[in-house]
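The structure appears below as structure tokens.
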Amino acid sequence: MLHLLPYDAAAHEAAVLALFHSNVPRYFTAPEEVDLLRYLRTGLPYFVVVETPDEAAEEDPAGTVVAAAGYALDDDQVDLTWDLVHASRHGQGLGRLLTEFRLREAARLFPHLPVQVETSQLTAGFYQKLGFQLLETQPDYWAPGLDLCSLQHEPLATAV
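Under the UniProt record's numbering, think of the first position of the sequence shown as 1, with each following residue one higher.
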């Protein structure tokens with residue numbers, strides 16, 4: 001059973017770092033860990049997906065953190081931040097679950113602002129399938145062979 005919970009540093013920081021490490025070096029570079037930790041300590045909206053056995057109590061979903069992601073309000077857009085799915089769980093719908101949740105939150109809280117994500121060419125297609133448009137690509141931005149792809153989803157008030 002999957003539970004979407006607000007991030008709690010005491011309960012989740014080590015697990016979120018484990019998600020990050022499972023994706024190094026394919027999707028992230030090791031030095032980015034410092035930026036992730038800095039982000040996690042900002043208090044910006046961040047969420048974890050916890051998997052529990054089906055018989056676990058709803059009120060106490062202690063289990064395994066399998067994915068995490070957040071969002072931040074920028075001047076004129078909502079940014080999707082630090083999308084992490086454990087490498088062994090890619091392709092199982094966890095990224096979609098988190099992205100659709102954050103799009104709904106953006107529609108509810110900031111309906112007239114576009115939603116942007118900065119990612120690599122390895123995951124840009126995932127976001128395009130969810131309605132994001134590629135705005136710009138910068139080769140070798142994150143590391144050699146790891147490009148920056150800036151994508152944007154139209155303001156959700158007009159997308160409905």
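Every residue, glycine too, gets a C-beta built ideally from N, C-alpha and C. Fair warning: this is a prediction, and the values are worked out from it, not measured in the lab.
Contact belief for residue i with residue j at Cβ below 8 Å, rounded distance in angstroms
| i | j | result |
| --- | --- | --- |
| V117 | L151 | 5 Å |
| L44 | A107 | About 18 Å; that fails the 8 Å criterion. |
| H86 | L36 | Actually they do not touch by this definition, with Cβ atoms about 15 Å apart. |
| W82 | Y27 | About 11 Å; that fails the 8 Å criterion. |
| V16 | L84 | 7 Å |
Nearest-angstrom Cα separation, counted from residue j out to residue i
| i | j | result |
| --- | --- | --- |
| A69 | Y141 | 21 Å |
| E33 | L97 | 24 Å |
| H12 | L134 | 32 Å |
| E154 | L113 | 8 Å |
| Q128 | T42 | 28 Å |
| V160 | L2 | Only weak support is given to the placement of V160: the predicted model assigns it a pLDDT of 45, under 50, and the question is left unresolved by the model. |
| Y7 | E100 | 17 Å |
| P139 | L148 | 6 Å |
| V24 | E136 | 24 Å |
| A72 | V78 | 6 Å |
| T64 | A14 | 11 Å |
| A143 | T119 | 12 Å |
| D74 | Y46 | 15 Å |
| V115 | Q92 | 23 Å |
| D54 | S88 | 20 Å |
| E105 | F132 | 16 Å |
| E10 | L109 | For clarity, residue 10 is Ala in the given sequence; the question names Glu instead. Going from the Cα of A10 to the Cα of L109 covers about 27 Å. |
Pick from the options that is closest to residue i, judged by C-alpha positions
| i | options | result |
| --- | --- | --- |
| L103 | G91, Y39, L80 and L148 | L80 |
| L130 | H90, A30, A87 and G95 | G95 |
| D76 | T119, L4 and P111 | P111 |
| H21 | V66, D54 and Q92 | V66 |
| H90 | F126, A62 and E105 | F126 |
| A62 | L4, F132 and A124 | L4 |
For the segment 39 to 54 against the segment 24 to 31, are there 3 or more C-beta pairs whose distance is under 8 Å? no
Runs of beta strand (DSSP E) lying entirely within the segment 12 to 42, each at least 3 residues, in chain order: none
Restricting to runs no shorter than 3 residues, where is the beta strand (DSSP E) found entirely within the segment 86 to 128? 115 to 119
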